[in-house]
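Each remark here refers to the structure printed beneath this line.
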Amino acid sequence: MCPRNSLAALPWFHEALPRLDSPPTTAYPRPIMYKHRVIDEPGRRLLRMTVNDSAIEIAVRPHKTLLEVLREDLFLTGTKHGCELGECGTCAILVDGEPVLSCLVLAIACEGKEIRTIEGMADGPELHPLQTTFADLGAAQCGYCTPGFLLTAQALLDENPDPTRQEIKNALAGNLCRCTGYLKIYEAVELAAKRMRNGSDSEAKR
Amino acid sequence: MSEYRVIGKPLRKVDATDKVLGKTLFADDLIKPRMLFCKLLRSHIPHGTVGKVDIGPALAMPGVIAGLIGEDLPTTFGILPISQDEHALALDKVRFVGDPIAAIVAEDEETAEAAIHLIQAELEPLDSISSIDQAIRTPEPRIHDYGAYGNIHKLVNLEFGDVEEGFAEADHVREDMVFFEGNTHLPIEQHASLADWSPDGKLTLWSSTQTPHYVHKALARVLGMPAARIRVIACPNGGGFGGKSDPFNHEIVVAELARRTGRPVKITLTREEVFYCHRGRHPILMRVKSGVKKDGSITGMHFQSLLDGGGYGSYGVASTFYSGALQTVTYNIKRYKFDGARMFTNKPPCGPKRGHGTPQPRHALEVHLDKIAEDLHLDPAEMRLNNLVPPDSVTANYLKVGTMGLGKCIEKVIEGSGWKEKHRKMPHGRGIGIACSSYLSGAGLPIYWNSMPHSGVMLKLDRGGGVAVFCGSIDIGQGSDSVLAYVVAEVLGIDPFDIRVVTADTDLTPVDLGSYSSRVTLMSGNAALQAAEKARELLAQAAAEKLEVPSGEIVFADGRVFWASDPEKGMSFAKAVVAAESKFGTIGTVGSYTPPRSPGQYKGAGVGPSPAYSYSAAIAEVDVDPETGIVSARKIWIGHDIGQSINPMLVIGQVEGGVYMGLGEALMEEMAYRDRVNIVHKTPSMLDYKSPTTHEMCEVETYLVEDPDPNGPFGAKEVGQGPLLPTIPAIANAVYDAVGVRIDEVPITPEKVLRAIRAKEKGKDPRIGPTKFPEPEWSEPLVVPPPWEGGDGKPVEKKEVAG
Chain W
21 MCPRNSLAAL
31 PWFHEALPRL
41 DSPPTTAYPR
51 PIMYKHRVID
61 EPGRRLLRMT
71 VNDSAIEIAV
81 RPHKTLLEVL
91 REDLFLTGTK
101 HGCELGECGT
111 CAILVDGEPV
121 LSCLVLAIAC
131 EGKEIRTIEG
141 MADGPELHPL
151 QTTFADLGAA
161 QCGYCTPGFL
171 LTAQALLDEN
181 PDPTRQEIKN
191 ALAGNLCRCT
201 GYLKIYEAVE
211 LAAKRMRNGS
221 DSEAKR
Chain A
2 MSEYRVIGKP
12 LRKVDATDKV
22 LGKTLFADDL
32 IKPRMLFCKL
42 LRSHIPHGTV
52 GKVDIGPALA
62 MPGVIAGLIG
72 EDLPTTFGIL
82 PISQDEHALA
92 LDKVRFVGDP
102 IAAIVAEDEE
112 TAEAAIHLIQ
122 AELEPLDSIS
132 SIDQAIRTPE
142 PRIHDYGAYG
152 NIHKLVNLEF
162 GDVEEGFAEA
172 DHVREDMVFF
182 EGNTHLPIEQ
192 HASLADWSPD
202 GKLTLWSSTQ
212 TPHYVHKALA
222 RVLGMPAARI
232 RVIACPNGGG
242 FGGKSDPFNH
252 EIVVAELARR
262 TGRPVKITLT
272 REEVFYCHRG
282 RHPILMRVKS
292 GVKKDGSITG
302 MHFQSLLDGG
312 GYGSYGVAST
322 FYSGALQTVT
332 YNIKRYKFDG
342 ARMFTNKPPC
352 GPKRGHGTPQ
362 PRHALEVHLD
372 KIAEDLHLDP
382 AEMRLNNLVP
392 PDSVTANYLK
402 VGTMGLGKCI
412 EKVIEGSGWK
422 EKHRKMPHGR
432 GIGIACSSYL
442 SGAGLPIYWN
452 SMPHSGVMLK
462 LDRGGGVAVF
472 CGSIDIGQGS
482 DSVLAYVVAE
492 VLGIDPFDIR
502 VVTADTDLTP
512 VDLGSYSSRV
522 TLMSGNAALQ
532 AAEKARELLA
542 QAAAEKLEVP
552 SGEIVFADGR
562 VFWASDPEKG
572 MSFAKAVVAA
582 ESKFGTIGTV
592 GSYTPPRSPG
602 QYKGAGVGPS
612 PAYSYSAAIA
622 EVDVDPETGI
632 VSARKIWIGH
642 DIGQSINPML
652 VIGQVEGGVY
662 MGLGEALMEE
672 MAYRDRVNIV
682 HKTPSMLDYK
692 SPTTHEMCEV
702 ETYLVEDPDP
712 NGPFGAKEVG
722 QGPLLPTIPA
732 IANAVYDAVG
742 VRIDEVPITP
752 EKVLRAIRAK
762 EKGKDPRIGP
772 TKFPEPEWSE
782 PLVVPPPWEG
792 GDGKPVEKKE
802 VAG
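Chains W and A are the protein sequences, given in the same order.
Under our numbering, residue 226 is the last one in the first sequence; the count climbs by one each step, no gaps.
Under our numbering, residue 804 is the last one in the second sequence; the count climbs by one each step, no gaps.
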């Protein structure tokens, strides 16, 4: 074992130790003492809507998308984004039960609407059947497109409790997933639909 | 019957519940008090010198806090030690449209975005290069002042046996040329990073990266800070596929801006920026010449690759070697010669995408073999089956093959697809094709030379029975966090969902090199296995003492520790931890993994070796519409030699995902640029860059072949990348079977198919593909005699003159 307390006996103890490698050269810059911001901000508008069953009143900038307001003002970061141009379906949420790309909707256009995001999909501790099957069948790999798929699939099942594989494909054609190749997603939607049709009995069997 | 309680079971992933609840925090989901936002000014010209960059007008804008230009971060970086050729912000030159020039940080994203337009950057355009051919023809101006010569970044010339002798010995010699266009990862999550600086001089970076360890090293280098003061936390990646494996400009920039402002700084790239970050599949022009006997056995093969590397080195040197490395591990090749060259061009840099440098040559090889089988009047599936590399052998280029289940994979897909009734027997417009492949279960050597482990795991056992696994590996969706939990749970006989998994944090977790080269299950799995076995030993000893039975007879299962002969004689896992802690003190164990040494001893032998190779065979059935040229996949059957599934559900998920991505590459995905218009990307959006939707994706039938490999944890091999590889050539071969045209150029778009069909109708050559192969000035090949010619893996001085 290496002796521990013998350093003081060594002749160089009271001098600086030789450096093994060159010291870092960049000195740490002094933190910037910045000026306070004065921004000509376009006037905010008061917006009332229902988000996941809670009535919300919030002042938003009129050019902000619903996606931005959900994520940045309401901190509902469960809604993801992949393009912010309406191309990938990742930011899909439900507005009055209809799947909508939240990156293409201005928040102020949602006055009085009912918004459902992934944070409001489970019923308290009870996962929605789609959430259970997505988790159990490996339909969520990286999980990034998952909220958009789940809500789009929920809208499908709310309207069509017994969709064919083709109907599922049609409903989900606007959502891109790069991990799964969609197959496990179809299986999860089909199993959830079956369980929802059969009521909670088969749910308990798992 | 499985002998395991956890391994081999289709369990939920440990993070799946968070993911379906939207609770998983990706990098852009992180919000810090007083957080600032960063935007980058990127070059709008493909090649030019950078003059004065004046950020003054931007800094004057209200709400702007600070900015950076190239001179603020003059140190170069790059993923490979041999190509440290990037600057965080362009210092002297810009090398592609999208190369970052300056950064602005502001109170909000919109202000930062508005401010970058006020930056005055003087850019002096230089002649640009947009293709392989042009790079070979145009030595000046050089895009970089290093590399082989002119605008050739890297040359590789390797010769394993005399291929000319092989051609002379052959009954038939065939040469083919194939072009594989580049494509990109397109992860749904855009890259994002958040940096924070603490007053005691410590930096933390959260980032969507697959390689936190390499980002850590790059930050220390460029910021000139001790690595010990930098903490890199990789957030769960919203898809990676190789696109988040380099240290990136934006990661370094936000770190420096956090240091300068003392406030948290976040950046999230736009989708267009993600396209320009790229690091995806190299476009490769390939020429392959093989000599074969009548039975299809290969007497010699000469393979040549010309890679379009884009503006920076990235992983390119490794990619160049990889484009010639794995041809040898599937079929016996008696003599093998490889020439590879990577060019610098003024496009976004190419790097590793799923399969890293191997899907392109695999595609060329498998299409080439399909043509050879037809020349020889052999069934292409049978021909492959008859020429397989045997298990436990060494290839011509000194790759050590262990378990080899390709034969079983081929048999499964032949049977499942009804190959024998379909091949060359279906009506015009419908076709079937086969192809095979192999991939690494982790690279045998690290990216920077060192003799430390590739993966480390620490295990902490709490006296309450809690187990925490610490590992540097990062879950990019493949399920690596779950694999750690499953492995430890199996060894300790506990529920994987009771385990706390802490990963990808350079302060808290031992190094794992990262989620690339399909290395994580094998390497971190082995490290976890070792750590868990050490903990098991401690608990077994303590429990045995308490129970007064021999410690060798202690069993761990279902959360209990008990005597094998009498399950009644035992205790709970938590009690066993208490016993062990009482006996030994705090219980923490470590495990580490270093791959075995490879037999190759020549320069370049470091690329290709792996502890284990996975194998895949795919059969694709397609419809080709002769009126429109549209190819639609009907079904793909794929066999994959996984060694042992840690979780078959996740394995099949990777297989299906790989097939999906291969389908996209085969039929539609391409990084296309406007050559004459500034080399801008033609389709930098998710709408215009075509990728398969639910409508294009076909049915997939997966067959897992399980033959545990001694080098894998519980025998497991990789699955993340391998299944992509055979999909692309299987589709190309199926298109030929359907309509009799050869599209030797990926992607196989309707336009190309239609052009070939029309040519065929007019009696012309029904082939679309490259016809010219520009030759760079090759270097003298390194000559290494293969093992069966008495070679020892080392190069010999000079080729001996025959006779």
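Just so it is clear, CB atoms sit at the ideal spot from N, CA and C, and this is done for glycine as well.
Pull up the DSSP beta-bridge partners for residue i, would you.
i: Glu134 (chain W); result: W:Thr70
i: Tyr616 (chain A); result: A:Ser439, A:Asp642
i: Ile555 (chain A); result: A:Trp564
i: Asp86 (chain A); result: Paired residue(s): none; Asp86 (chain A) is not in a bridge.
i: Asn158 (chain A); result: A:Asp340
i: Val80 (chain W); result: W:Arg65
i: Gln121 (chain A); result: A:Asp55
i: His173 (chain A); result: A:Val293
i: Lys203 (chain A); result: A:Ser199
i: Cys39 (chain A); result: A:Val106
Identify the contact partners of residue i in chain W, using a Cβ-Cβ distance below 7 Å as the criterion.
i: Gly586 (chain A); result: By Cβ distance, chain W contributes nothing, its closest Cβ being about 17 Å from Gly586 (chain A), past 7 Å.
i: Thr18 (chain A); result: Ala155
i: Ala540 (chain A); result: The displayed chain sequence assigns Leu, not Ala, to residue 540 (chain A). Here the premise fails: no neighbours, minimum Cβ distance about 27 Å.
Could you list which residues in chain A have their beta carbon closer than 7 Å to that of residue i, in chain order?
i: Asp156 (chain W); result: Arg13
Could you tell me the boundaries of the alpha helix (DSSP H) in which residue i lies?
i: Gly659 (chain A); result: 649-668
i: Ala129 (chain W); result: Unbroken run through Ala129 (chain W): none, as it is neither H nor E.
i: Lys753 (chain A); result: 751-762
i: Ala319 (chain A); result: 317-326
i: Cys410 (chain A); result: 407-418
i: Thr153 (chain W); result: 149-156
i: Phe276 (chain A); result: 272-278
i: Ile137 (chain A); result: 133-138
What residues in its chain sit with their C-beta under 6 Å from that of residue i, if we drop five residues either side in the sequence?
i: Glu223 (chain W); result: Caution applies to Glu223 (chain W), whose pLDDT of 47 falls short of 50 and renders its modelled position unreliable; the value that the coordinates give is listed next. Answer for Glu223 (chain W): Arg215, listed in chain order.
i: Val106 (chain A); result: Leu37, Cys39, Ile66, Ala67, Leu258, Val266
i: Asp559 (chain A); result: none
Could you list which residues in chain A have their beta carbon closer than 9 Å to that of residue i, in chain order?
i: Lys100 (chain W); result: Gly23, Phe27, Asp29, Asp30, Ile189, Glu190, Gly239
i: Glu139 (chain W); result: Leu22, Gly23, Lys24
Which two residues bound the contiguous beta strand (DSSP E) that contains residue i?
i: Pro119 (chain W); result: 118-121
i: His214 (chain A); result: Segment 213-224 is the alpha helix (DSSP H) holding His214 (chain A); no beta strand (DSSP E) there.
i: Phe471 (chain A); result: 468-472
i: Gly301 (chain A); result: 299-309
i: Val591 (chain A); result: 588-594
i: Leu203 (chain W); result: No beta strand (DSSP E) holds Leu203 (chain W); the alpha helix (DSSP H) holding it covers 203-217.
i: Ala706 (chain A); result: Note that residue 706 (chain A) is Val in the sequence shown here, rather than Ala. 700-706 is the span of the beta strand (DSSP E), which, as asked, contains Val706 (chain A).
Which same chain residues end up closer than 7 Å to residue i when comparing Cβ atoms and leaving out the 5 residues on each side of it in sequence?
i: Leu30 (chain W); result: none
i: Arg226 (chain W); result: A caution first: Arg226 (chain W) carries a pLDDT of 41, below 50, which makes its placement in the model unreliable, though a value can still be read off. So the list is empty, once near-sequence residues are dropped.
i: Thr46 (chain W); result: Confidence at Thr46 (chain W) is low in this model, with a pLDDT of 48, below 50, so its placement is unreliable and no value can be given for it.
i: Val58 (chain W); result: Low local confidence applies: a pLDDT of 49 at Val58 (chain W) is under 50, so the model's placement there is unreliable, with the coordinate-based value given in what follows. The answer is none, since no qualifying residue turns up.
i: Arg91 (chain W); result: Thr97, Thr99
i: Gly716 (chain A); result: Gly644, Gln645, Pro709, Asp710
Once you ignore the five residues that flank residue i on each side, which residues in its own chain have a CB closer than 8 Å to its CB?
i: Cys699 (chain A); result: Ser633, Ala634, Arg635, Lys636, Ile637, Leu664
i: Asn238 (chain A); result: Phe27, Pro188, Glu190, Ser209, Thr210, Gln211, Lys245, Ile475, Asp476, Ile477, Gly478, Ser516
Could you name the residues of chain W that residue i contacts, counting a contact when the two beta carbons are closer than 8 Å?
i: Ile477 (chain A); result: Cys162
i: Val660 (chain A); result: Gly201
Validate contact between the region 438-452 of chain A and the region 464-484 of chain A using beta carbons, cut 8 Å, 3 pairs
no
*Should the region 309-326 of chain A be called in touch with the region 419-433 of chain A, which here means at least 3 C-beta pairs below 8 Å?*
no
* Which residues, taken in chain order from the region 680-701 of chain A, show a beta carbon closer than 7 Å to some beta carbon of chain C? -> Although the question refers to chain C, the structure presented lacks it and instead comprises the protein chains W and A.
- Query: Given 8 Å as the limit, is there contact between the region 117-131 of chain W and the region 199-219 of chain A, that is, 3 or more CB pairs closer than that?
  - Reply: no
inquiry  = Three Cβ pairs or more, each shorter than 8 Å: is that satisfied between the region 184-191 of chain W and the region 487-507 of chain A?
reply    = no
Stretch-stretch touch, CB-based, cutoff 8 Å, three pairs: the region 454-468 of chain A with the region 541-557 of chain A: no
Counting beta carbon pairs with one atom in the region 109-120 of chain A and one in the region 52-67 of chain A, are three or more of them shorter than 8 Å?
yes
* Taking 8 Å as the threshold, find out whether the region 442-452 of chain A comes into contact with the region 607-624 of chain A through three or more Cβ pairs. => yes
Could you check whether the region 157-168 of chain A touches the region 332-350 of chain A, counting it as contact only if at least three pairs of C-beta atoms, one from each stretch, sit closer than 8 Å? yes
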